[in-house]
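S.K.:
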Amino acid sequence: MDSQVAVDNLYDFRDHYFERNPIEKAIDKTDDVRTELEKVLKKLNESQGQIESKSEFLLLKGRALNILPEFSPEALDCLSKAVKLDPKLVEAWNHLGECYWKKKDIENARNCFTGALNYSENKVSLRNLSMVLRQLGGTPEERSKFMQQSVDNIKKAVQLDFNDGTSWFIAGNTYLSLFFASGQSASILKQCLGAYAKAEKDPVAKSNPDLHFNRAAKDCFLCYYRLVSLVVRASAYQPEGSGFDSGPSHTKDSQKMGPTAILLGAQHISMEWGNMSVCKYDLAPFVVAYRV
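Be aware that the sequence shown starts at 1, since it is given in UniProt numbering, and climbs by one per residue.
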């Protein structure tokens with residue numbers, strides 16, 4: 001097995017872990033990946049003399065080290081040297097950008113993904129740049145500009161590979177961000193739902209816990225939004241200053257509900273979601289925490 005195949009297999013081991021292991025093994029996944037990483041690093045060091053160029057060796061080693069969720073200074077060092085030796089290594093630029101992202105160095109991450117796109121338009125650079133752009137902007141105008149650029153980039157990434165679940169997952173996140181940033185349009189939320197649904201069809205994306213976390217956050221917001229809508233409807237049935245204790249309103253329109261019935265409906269929804277702390281029926285400002 002050559003070094004390239006060894007690193008490819010390492011990523012296959014991580015990305016398809018839950019297709020080969022029960023969900024109960026989730027707690028062991030990072031340790032299992034780390035064990036496989038040590039094997040691959042040993043093989044890379046043993047075969048270093050057989051690899052054609054130093055830049056290729058540094059790319060393979062940096063790519064392997066970058067597989068773990070936490071930032072790796074050694075991966076950053078290897079990949080930085082690789083792109084200096086061969087600036088056309090698009091894959092090295094992408095992994096270097098991911099290293100900076102993990103380091104929370106947003107500007108350098110942006111430069112890496114933009115640099116990769118200077119050599120080749122590819123889905124990885126486009127979708128990662130989409131994530132980065134959503135973190136930029138100091139004023140509302142700047143944030144709006146970068147948000148639109150983020151949307152444009154993720155659309156291009158999806159068009160390059162319509163079946164890539166990771167691109168669809170990031171598209172869902174982008175539309176969720178746009179939903180909250182642009183007046184909460186129903187059509188944008190529909191695009192978000194569609195993107196997440198497509199992401200779940202890909203086994204790799206489906207194994208990403210952030211996908212399920214973000215879908216839960218979105219569902220929780222919809223629950224809260226419905227609660228507020230019910231309360232607003234209920235308030236319309238009462239004069240200003242009166243409470244919600246007068247019982248059902250009598251109306252000729254049998255389709256209308258009185259305030260008590262509406263509030264009971266709201267309480268029922270609240271009970272259904274009572275185990276999710278952000279969905280309390282208290283009309284407090286709603287904050288969605290989701291993962292980019």
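Where a beta carbon is used, it is the ideal one built from N, C-alpha and C, also for glycine. Just so you know, these numbers come straight off a predicted model, no measurement behind them.
Given this structure, state the Cα-to-Cα distance separating V83 from G62, to the nearest angstrom.
M.R.: Within the sequence shown, numbered from 1, the residue matching residue 83 stands at position 83. Within the sequence shown, numbered from 1, the residue matching residue 62 stands at position 62. Cα to Cα, the separation comes out at about 11 Å.
S.K.: By how many angstroms is the C-alpha of N153 removed from the C-alpha of S125?
M.R.: Along the sequence shown, read from residue 1 onward, the residue named residue 125 stands at position 125. Along the sequence shown, read from residue 1 onward, the residue named residue 153 stands at position 153. Going from the Cα of S125 to the Cα of N153 covers about 9 Å.
S.K.: Look at L96 and S72 and say whether their C-beta atoms are less than 9 Å apart.
M.R.: Locating residue 96 in the sequence shown gives position 96, where the first residue counts as 1. Locating residue 72 in the sequence shown gives position 72, where the first residue counts as 1. No.
S.K.: Contact between the segment 163–171 and the segment 113–128: three or more CB pairs below 8 Å?
M.R.: yes
S.K.: Would G172 be called buried (16 or more neighbouring beta carbons within 10 Å of its own) or exposed?
M.R.: Numbered from its first residue, the sequence shown carries residue 172 at position 172. With 16 or more Cβ atoms within 10 Å of its Cβ, G172 is classed as buried.
S.K.: Do L65 and A75 have their beta-carbon atoms positioned less than 9 Å apart in this structure?
M.R.: Counting from one through the sequence shown, the residue named residue 75 turns up at place 75. Counting from one through the sequence shown, the residue named residue 65 turns up at place 65. Yes. Within cutoff.
S.K.: Please report the distance separating the alpha-carbon of M147 from that of A181.
M.R.: Locating residue 147 in the sequence shown gives position 147, where the first residue counts as 1. Locating residue 181 in the sequence shown gives position 181, where the first residue counts as 1. Using only the alpha carbons, I get a separation of about 9 Å.
S.K.: Comparing alpha-carbon positions, which option in D105, A199 and D15 lies nearest N163?
M.R.: Here residue 163 corresponds to residue number 163 of the sequence shown, with the count starting at 1. Nearest of D105, A199 and D15 to N163, Cα basis: A199.
S.K.: Cα-Cα, which of E36, V5, A6 and S3 is closest to Y17?
M.R.: The residue given as residue 17 occupies position 17 in the sequence shown. Selected option, being the one with the closest Cα: E36.
S.K.: Using 9 Å as the threshold, is the C-beta distance between K155 and E121 below it?
M.R.: In the sequence shown, residue 155 corresponds to position 155, counting from 1. In the sequence shown, residue 121 corresponds to position 121, counting from 1. Not a contact, by the Cβ cut-off of 9 Å.
S.K.: According to the neighbour-count rule (16 or more other Cβ atoms, all chains shown, within 10 Å of its Cβ), is A92 buried or exposed?
M.R.: The sequence position of residue 92 within the sequence shown is 92, counting from 1. Classification of A92: buried, given that the 10 Å Cβ count is 16 or more.
S.K.: Below 8 Å CB to CB, which residues in the same chain sit around I106 once its five sequence neighbours on both sides are set aside?
M.R.: Along the sequence shown, one-based indexing puts residue 106 at 106. Taken in chain order, the residues that qualify are Y100, V132, Q135 and L136.
S.K.: How is T166 classed by DSSP in three states: helix, strand or coil?
M.R.: To locate residue 166, count along the sequence shown from 1; it is residue 166. Reduced to three states, the DSSP call for T166 is helix.
S.K.: On the three-state DSSP scale, how would you describe R134?
M.R.: Looking up residue 134 in the sequence shown gives position 134. It is coil, neither helix nor strand.
S.K.: For the candidate residues C112, N108 and K102, whose alpha-carbon lies nearest to that of P87?
M.R.: As a working mapping, residue 87 is identified with position 87 in the sequence shown. Checked all of C112, N108 and K102; the closest Cα to P87 is C112.
S.K.: How far does the alpha helix (DSSP H) with I23 in it reach, from first residue to last?
M.R.: One-based indexing of the sequence shown puts residue 23 at position 23. Element bounds for I23: n/a, residue is neither H nor E.
S.K.: By the DSSP assignment, the alpha helix (DSSP H) with P203 in it spans what residues?
M.R.: Working through the sequence shown from its first residue, we reach residue 203 at position 203. Unbroken alpha helix (DSSP H) run through P203: P203 to K206.
S.K.: Helix, strand or coil for I106 per DSSP?
M.R.: What you label residue 106 is simply residue 106 of the sequence shown in a count that begins at 1. Helix at I106.
S.K.: Quick one: what does DSSP say T69 is sitting in, helix, strand or coil?
M.R.: The residue labelled residue 69 in the question sits at position 69 within the sequence shown. In the sequence on display, residue 69 carries Pro and not Thr. Looking at P69 - three-state DSSP - the assignment turns out to be coil, as it is neither helix nor strand.
S.K.: Hey, R110 and I67: beta-carbon distance below 9 Å or not?
M.R.: To locate residue 110, count along the sequence shown from 1; it is residue 110. To locate residue 67, count along the sequence shown from 1; it is residue 67. No, they are not a contact pair.
S.K.: Which runs of the beta strand (DSSP E) fall wholly inside the segment 2–59 and span at least 3 residues, in chain order?
M.R.: For the segment 2–59, not a single whole beta strand (DSSP E) run of length 3 or above is found.
S.K.: Could you name the residues of the same chain whose beta carbon sits closer than 7 Å to that of V7, not counting the 5 residues immediately before and after it, in chain order?
M.R.: To locate residue 7, count along the sequence shown from 1; it is residue 7. Once the five neighbours on either side are set aside, the close Cβ partners of V7 are V40, L60, R63 and A64.
S.K.: Can you give me the C-alpha to C-alpha distance between K103 and E70, rounded to a whole angstrom?
M.R.: Here residue 103 is taken as the residue at index 103 of the sequence shown, counted from 1. Here residue 70 is taken as the residue at index 70 of the sequence shown, counted from 1. Going by the C-alpha atoms only, they are around 8 Å apart.
S.K.: Considering only the beta carbon of each residue, do K43 and L85 sit closer than 9 Å?
M.R.: Residue 43 sits at position 43 when you count from the first residue of the sequence shown. Residue 85 sits at position 85 when you count from the first residue of the sequence shown. The Cβ atoms of K43 and L85 do not sit closer than 9 Å to each other.
S.K.: For H212 and Q4, what's the separation of their Cα atoms in angstroms?
M.R.: Position 212 of the sequence shown holds residue 212. Position 4 of the sequence shown holds residue 4. When rounded, the distance between both Cα atoms is 32 Å.
S.K.: Which one of I27, S187, G183 and S177 has the shortest CA to CA distance from R215?
M.R.: Sequence index remark: in the sequence shown, residue 215 carries index 215 (1-based). Minimum Cα distance to R215 is reached at S177.
S.K.: If you run the structure through DSSP and keep just helix, strand and coil, what is S187?
M.R.: Translated into positions along the sequence shown, residue 187 becomes position 187. Of the three classes helix, strand and coil, the one that applies to S187 here is helix, per DSSP.
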